[in-house]
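A.B. asks: Have a look at this one before I ask anything.
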Amino acid sequence: MENLGIDWKLLVAQLINFGVFFVIFKKFVAKPFSRFLSEEKKHEEERAKVMEKAKVMEEALFEKEREWKKKMLRESETSLKRAKELGEKLKKEIIESAHKEAEQVLVKARNQTEEERESLYREVKNRVSELSMFIVTHALNDYLTQEAREKITAYILKNLTKDLDSYENKPTS
Amino acid sequence: MKINPRLKEELKAYLKNRLRHDPRQVVIVSSYKLNGKELDNIKNEIAVLKNAQVVNEVDPSLMAGIILRFDSKMIDLSLGGELFQLQKRIHEST
């Protein structure tokens, strides 16, 4: 064996060295290292789970947001439709009310015109009668002679057909 | 204001007595001065003028006819009055 260049002492020392190294390595390096690796693996797995959860939550949130947007859109369309209908209704009511008022004003104006016409007609008639009486009175005053007055007075007295009381307290001009 | 009832009665009696004894005064308003004959004719036609004291007033606005005034009454038999009544009827008819 010495001829092969193998030193038994060295080999044994190397083996012992290796063994010691192996033990030390196993005890102080391998175990903590493997523990570290398993812990890292565990952490990694937990992170993956958390990511998964977060992803699921994010999707759920996105879904909620989409639904919420749809709902808002629907509600806004409904509100807009209702507002339009209300606006149309108000517009109709205002127009109807304006028509009614216009008709009332027209009727009132017509009645007023009619009343004024009647009043004017009455006034004209009164004026004409007053003027006629004035003309007749003055004409008679100028035309009637003393003889005519006497004859008329005698005629009135002769033809008293009603009771005197029926002529009572009538005011003169 | 309350009047003494005895005073009231005495006043009534006095006025009745005056009315009975004093002659009634009648005012005849005409458009011209009436002569005696015309006044007599009027007294004959109208009973209220009998035994009354007649006073004749002239008012040319009557045109013709007469107005009698006695006590609180006024009786219009004038042409002016008739024309006025006609005017009033025309007014009322409008």
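Going down the list, the protein sequences come from chains A and B.
Counting along the first sequence from 1, when you hit position 96 you're at 96 in the working numbering, and nothing is skipped either side.
With the second sequence counted from 1, adding 1000 to any position gets you the working numbering.
Where is the CB? At the ideal position from N, CA and C, for every residue including glycine.
Is DSSP giving residue 1065 of chain B helix, strand or coil here?
C.D. replies: Mapped onto the second sequence, residue 1065 of chain B falls at position 65. Residue 1065 of chain B falls in the strand class under three-state DSSP.
A.B. asks: Could you check how far apart the C-beta atoms of residue 1029 of chain B and residue 1059 of chain B are, in whole angstroms? I think they sit under 8 Å.
C.D. replies: For the purposes of this step, residue 1029 of chain B is taken as the residue at position 29 of the second sequence. For the purposes of this step, residue 1059 of chain B is taken as the residue at position 59 of the second sequence. That belief holds up - the Cβ atoms of residue 1029 of chain B and residue 1059 of chain B are roughly 5 Å apart, short of 8 Å.
A.B. asks: In the DSSP output, what is residue 1025 of chain B paired with across the bridge?
C.D. replies: As a working mapping, residue 1025 of chain B is identified with position 25 in the second sequence. According to DSSP, which records beta bridges pairwise, residue 1025 of chain B is partnered with B:1053.
A.B. asks: Mark residue 149 of chain A as exposed unless 16 or more other C-beta atoms lie within 10 angstroms of its C-beta, in which case mark it buried.
C.D. replies: In the first sequence, counting from the first residue as 1, residue 149 of chain A sits at position 149. With 16 or more Cβ atoms within 10 Å of its Cβ, residue 149 of chain A is classed as buried.
A.B. asks: Step through the CB atoms of chain B and report whether any lies within less than 7 Å of the CB of residue 159 of chain A.
C.D. replies: Residue mapping note: residue 159 of chain A aligns to position 159 of the first sequence, counting from 1. Not one chain B Cβ lies under 7 Å of residue 159 of chain A.
A.B. asks: Rank B:1052, B:1081, B:1031 and B:1044 by C-alpha distance to the C-alpha of residue 1025 of chain B and give the top, closest one.
C.D. replies: For this step, residue 1025 of chain B is matched to residue 25 along the second sequence. Answer by Cα proximity: B:1052.
A.B. asks: Are the C-beta atoms of residue 1039 of chain B and some chain A residue less than 7 Å apart?
C.D. replies: The residue labelled residue 1039 of chain B in the question sits at position 39 within the second sequence. It does not: the Cβ of residue 1039 of chain B has no partner Cβ on chain A nearer than 7 Å.
A.B. asks: Taking the alpha helix (DSSP H) that residue 144 of chain A falls in, what are its first and last residues?
C.D. replies: Position 144 of the first sequence holds residue 144 of chain A. Note, residue 144 of chain A: premise wrong, no alpha helix (DSSP H); not H, not E.
A.B. asks: Please classify residue 1003 of chain B as buried or exposed, where buried requires at least 16 neighbouring CB atoms within 10 angstroms.
C.D. replies: Reading the second sequence from its first residue, position 3 is the one you call residue 1003 of chain B. Answer is exposed; the Cβ neighbour count stays below 16.
A.B. asks: What residues are listed by DSSP as bridge partners for residue 1077 of chain B?
C.D. replies: Locating residue 1077 of chain B in the second sequence gives position 77, where the first residue counts as 1. B:1066.
A.B. asks: Alpha helix (DSSP H) containing residue 1037 of chain B: first to last residue?
C.D. replies: To locate residue 1037 of chain B, count along the second sequence from 1; it is residue 37. That run of the alpha helix (DSSP H) goes 1036 to 1045.
A.B. asks: Can you tell me which of B:1006, B:1021 and B:1032 puts its alpha carbon nearest to the alpha carbon of residue 151 of chain A?
C.D. replies: Working through the first sequence from its first residue, we reach residue 151 of chain A at position 151. Out of B:1006, B:1021 and B:1032, B:1032 has the C-alpha closest to the C-alpha of residue 151 of chain A.
A.B. asks: Which residues does DSSP pair with residue 1058 of chain B in a beta bridge?
C.D. replies: Translated into the one-based positions of the second sequence, residue 1058 of chain B becomes position 58. Note: residue 1058 of chain B sits in a beta bridge opposite B:1030.
A.B. asks: Could you check the C-alpha separation between residue 171 of chain A and residue 1001 of chain B for me, to the nearest Å?
C.D. replies: For the purposes of this step, residue 171 of chain A is identified with residue 171 of the first sequence, where counting begins at 1. For the purposes of this step, residue 1001 of chain B is identified with residue 1 of the second sequence, where counting begins at 1. Low per-residue confidence applies at residue 171 of chain A: pLDDT is 49, beneath 50, and the placement is therefore not dependable, though the value from the model is reported in the following sentence. Each residue's alpha carbon lies about 34 Å from the other.
A.B. asks: Consider the Cβ of residue 153 of chain A: report whether some Cβ of chain B lies at a distance smaller than 7 Å.
C.D. replies: By one-based count along the first sequence, residue 153 of chain A stands at place 153. With 7 Å as the cut-off, residue 153 of chain A counts as an interface residue toward chain B.
A.B. asks: Mind listing which residues of the stretch 1018 to 1033 of chain B have their C-beta closer than 8 Å to chain A's C-betas, in chain order?
C.D. replies: Those residues of the stretch 1018 to 1033 of chain B that come within reach of chain A (Cβ to Cβ, closer than 8 Å) are 1030, 1031 and 1032.
A.B. asks: Please report how far the alpha carbon of residue 17 of chain A lies from the alpha carbon of residue 5 of chain A, in whole angstroms.
C.D. replies: Taking the first residue of the first sequence as position 1, residue 17 of chain A is located at position 17. Taking the first residue of the first sequence as position 1, residue 5 of chain A is located at position 5. Cα to Cα, residue 17 of chain A sits roughly 19 Å from residue 5 of chain A.
A.B. asks: With DSSP as the reference, label residue 173 of chain A as helix, strand or coil.
C.D. replies: Counting from 1 along the first sequence, the entry for residue 173 of chain A is found at position 173. Low confidence applies here, because residue 173 of chain A scores a pLDDT of 43, under 50, leaving its location unreliable; read the following figure in that light. Residue 173 of chain A: coil per DSSP, three-state reduction.
A.B. asks: Mapping DSSP to helix, strand and coil, what is residue 1002 of chain B?
C.D. replies: Along the second sequence, one-based indexing puts residue 1002 of chain B at 2. DSSP places residue 1002 of chain B in coil when its eight states are reduced to three.
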